[in-house]
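Accompanying notes for the structure given below.
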Amino acid sequence: PLPGPAMRLAALLAALRPVLPLVLGLSLGCSLSLLRAAWGPPGGADQRCPGPEGPPGVGGAQPEAANGRPALGHEEFRPRIVPYYRDPSKPYKKVLRTRYIQTELGFHERLFVAVLTSKATLNTLAVAVNKTIAHHFPRLLYFTGLRSAKVPHGMVLVAHGDERPIWLMYETMRYIHQHFGADYDWFYVMQDDTYAQAEQIKALVTHLSINQDVYLGRAEEFIGGDEQARYCHGGFGYLLSRSLLLKLRPHLDSCRNEILSVRPDEWLGRCIIDFLDITCVSQLQGQHYHTYELAKNTEPEKEEEEEFQAALAVHPVSDMTLMYRLHKHFSKVQLDRTYQEIQDLQMQIRNLTVLTPAGETGLTWPVGINAPFLPKSRFEVISWDYFTEQHLFSCPDGSPKCELSGASKADVSEIIESALGELNSRYQPLLRFSKRQLLNGYRRFDPTRGMEYTLDLLLEAVTQKGHSHVLAKRVSLVRPLSKVEIIPMPYVTEATRVQLVLPLTVQDLDYVANFLDVFAMNTLDTHDNALLTLLLVYHPYDAQRVSQVDVFAGVKAMVGELEKRYADVKIPWISVKTEVPSQVKLMDIVSKKHPVDTLFFLTSVWTEVNVEFLNRCRMNTISNWQVFFPVHFQEFNPALVFRSEQSAASPGSDMLRDGRFDRHSFAEACFYNSDYMAARTKLAADVLERDEALENMEVFDVFLHYSSLHLFRAVEPGLVQKYALRSCNPRLSEELYHRCVLSNLEGLASRSHLAMALFEQEQANST
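Residue 767 is where the sequence shown ends in UniProt numbering, and the numbering goes up by one at each step.
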């Protein structure tokens, strides 16, 4: 044992060990600061060393003007704080903000592509360009000299009305500057007989500085001109920077009048050289613009020259077939290069994983893909869906077995083919596998990595000598999530007025008061831009007695009270007589009484309207683009959920409300009147106004079958409904009636609550 002082010293060191790095770091920092102060110049911190070509202060810091601002050349790199000043004598004006933050911050899109085409090639080569590379570029326009050209599908064409080549180039440059000069950093101009590697062009501009005047392409000499001057050959495409385009625009008219040339690319090159003194280059900032000139009868698949493989642009392309063959060849080259990069990255991951604390056990499969999701409880376990080659045993409609068809069938066929291809690539030429049967198939979607598959395959293995053997093999596959893509959507705002449409029947009278109270509190009190229209649906018997007894007299009285309380609010009602309150028939009546640009929110009497949902209704509904069908949250029956705690489940309590999202209900919908009218017109031509057909349809069916709009259906936690037993009209179609009954049954309570209620009932009966 250690003596007493030694033991105390050891205990002290053990206590101070966690803070030793902090103490050492502070000591080292203080020492270095003292040494730096001792070695500094004696003249003080403001003394600067003279630069090699100027007075003191030039080489030590950025030059500044006399007013303290950065000198010319450094203004755009040094931030400046602009003080806010408002003249008190002038009236205050609300600041108009831009639609997008990138506009307010001055961000530009990266690349704009212009394709020059003609009457002879518009429907051939231009279409081939559009099908091969157009979807790789963020913005691509076609320019032609035709006056009234028929535009092929999927193309944006700008017709200048003059087929002279020089005039077409002049008008194209002027149009690009006028419409896109302030939005893009780079402008790539090509002809429709050019094949350009889109991904390589995009990668090229990411490595170039936007602060230089760039005129990049295949440099060619002028015929009989200066040996130093070069223009960019138009057949191989060329790249212009935004700064060059802005400087060139004032001189375009002079170039059109003073420069004579036959070729438009020579004319543009001469214009840039004469007025901007900038010549075309094929190499800039370490980046090379590789091109390749195709010979006649060239076979792209057999071309092995290194210059061809590295080309960014290939010219001339004589026909559409050659364009597609070039695209196939370069896509294969790019794909092989990508696979090789993946293999190199996987090898690096394997080598580095050994050095991690987890070692080789921390290596996931496939290498480089996220590890599978690990559930923290049994409620987070992702279930597997079982399938065979003919059937799926986890169906969207809830049935236990359904036929495998459509995208699911194509998915299963593809993964089986991929599994066989991978097995043959690993074991050939020793073994060759062929499929006998899919014994079992399992798949599940893991949100952290993608779709996972497990296949039990019955295979026939054939050796090199021709011997065959049947064996069962289990394989696992992963279809990983690819690059996330932002889908462009039209711009919408939260300032749009929402017109609520509430159909009411006699069975709904008990819930109207609560609906109107919530509507007044959440929209009228907050002055939200929302209006309400009531549809009073009278049964024919009640309609005959309306002069003696009006079943909706109480509703009309409540509406009158609201209009008195809110003087500037009018809540109109429309009386309808029908036995079957079909959604389509009711919306036909409402649609005719409102403008075409009205945003409707079709709601139900059990819905609790709030501003949060109304804003989502505005944002998720886009005219001529998308309609929104929210899935509301349905509360369970409080008598079953809170059997022993009725006091806690009172309406005034703030406890978490148990319930579920009712996917069987399509009663709520957000859509524009113009979109409904367009779909309704197609429906009228199809069903010929048969009443029985309209009674069996909902608004969702109208948009689903008779509209090309996007149908956005998602769970909506802000749309909550109290529990109520709905009355299902037996005169509705079988499907609608069945959905109504299922909604009532599943809305009673959760399985655990129902099981507990049955258990308590059995206990009570046994005693």
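Glycine included, each C-beta is placed from N, C-alpha and C at the ideal position.
For clarity, every value in this text was computed on a predicted model and none was experimentally measured.
With a threshold of 16 other CB atoms inside 10 Å of the CB of residue 29, please say whether the residue is buried or exposed. exposed
When 766, 761, 600 are compared against residue 676, the one with the closest alpha-carbon: 600
Along the beta strand (DSSP E) that carries residue 500, what are the first and last residues, could you check? From DSSP, the beta strand (DSSP E) with residue 500 extends over 498–504.
Looking at the unbroken beta strand (DSSP E) that takes in residue 600, where does it start and where does it end? Where residue 600 is concerned, the enclosing beta strand (DSSP E) stretches over 599–602.
Can you grab the Cα-Cα spacing for the pair residue 290 / residue 296, in whole Å? 20 angstroms
Going along the chain, which residues of its own chain have a beta-carbon closer than 8 angstroms to the beta-carbon of residue 136, five neighbours each way excluded? 198, 199, 202
Of the residues 345, 24, 154, 357, which one's Cα is nearest the Cα of residue 368? 345
What number of angstroms, rounded off, separates the C-alpha of residue 222 from the C-alpha of residue 271? 13 angstroms
Bridge-paired residues (DSSP) for residue 530: Beta-bridge pairing links residue 530 to 498.
Burial state of residue 486 (16 or more Cβ within 10 Å): exposed
Identify every residue that forms a DSSP beta bridge with residue 440. 456
With DSSP collapsed to three states, give me the class of residue 564. helix
Tell me whether residue 402 sits in a helix, a strand or coil according to DSSP, three-state version. strand
Indicate the three-state DSSP secondary structure (helix, strand or coil) for residue 446 in the structure shown. Correct three-state label for residue 446: strand.
C-beta atoms of residue 117 and residue 144 nearer than 7 angstroms: yes
Where residue 395 sits in the DSSP three-state scheme: Of the three classes helix, strand and coil, the one that applies to residue 395 here is coil, per DSSP.
Quickly, what does DSSP pair residue 283 with across the bridge? List them, please. 288
Residues sharing a beta bridge with residue 630, DSSP: Beta-bridge pairing by DSSP links residue 630 to 714.
Here's a check: name, in chain order, each residue in its chain whose Cβ is nearer than 7 angstroms to the Cβ of residue 647, leaving out the five neighbours to either side. Reliability of the predicted coordinates at residue 647 is poor, the pLDDT of 40 falling under 50, and no value is obtained from them.
What is the DSSP secondary structure of residue 462, counted as helix, strand or coil? strand
DSSP bridge partner residues for residue 315 (one or two, in chain order): Residue pairing for residue 315: DSSP places it in a beta bridge opposite 293.
So does the region 714–730 actually touch the region 605–612, counting three or more Cβ pairs closer than 8 angstroms? yes
Could you tell me whether the region 741–748 touches the region 633–640, using the rule of 3 or more Cβ pairs below 8 angstroms? yes
Leaving out five residues before and five after residue 572 in sequence, what residues of the same chain have Cβ atoms less than 6 angstroms from its Cβ? 533
Distance CB(residue 239)-CB(residue 276) smaller than 7 angstroms: No, they are not a contact pair.
Judging by CA-CA distance, which residue of 109, 310, 765, 287 is the nearest neighbour of residue 196? 310
Take the Cβ of residue 493 as the centre, count every other Cβ of all protein chains shown within 10 Å, and call the residue buried at 16 or more, exposed below. Label assigned to residue 493: exposed.
Does the beta-carbon of residue 64 have 16 or more other beta-carbons within 10 angstroms, so that it is buried, or is it exposed? Because residue 64 carries a pLDDT of 42, less than 50, the predicted location of this residue cannot be relied on, and the following value inherits that uncertainty. Burial call: exposed.
Thinking just about the alpha-carbon of each residue, which of 742, 122, 696, 591 is nearest to the one in residue 665? 742
Does the region 125–132 touch the region 148–165, meaning 3 or more C-beta pairs lie closer than 8 angstroms? Contact between the region 148–165 and the region 125–132 is present, because at least three Cβ pairs lie under 8 angstroms.
Is residue 139 helix, strand or coil when you go by DSSP? coil
Can you name the start and end residues of the alpha helix (DSSP H) that residue 472 belongs to? Taken as a continuous stretch (DSSP letters only), residue 472 belongs to no alpha helix (DSSP H), being part of the beta strand (DSSP E) at 468–480.
N- and C-terminal bounds of the beta strand (DSSP E) containing residue 574: Segment 573–577, the beta strand (DSSP E) holding residue 574.
From this set, 322, 231, 301, which residue's C-alpha is nearest residue 267's C-alpha? 231
Taking only three categories from DSSP, how would you classify residue 359? helix
Shortest alpha-carbon distance to residue 469 belongs to which of 454, 431, 260, 322? 431
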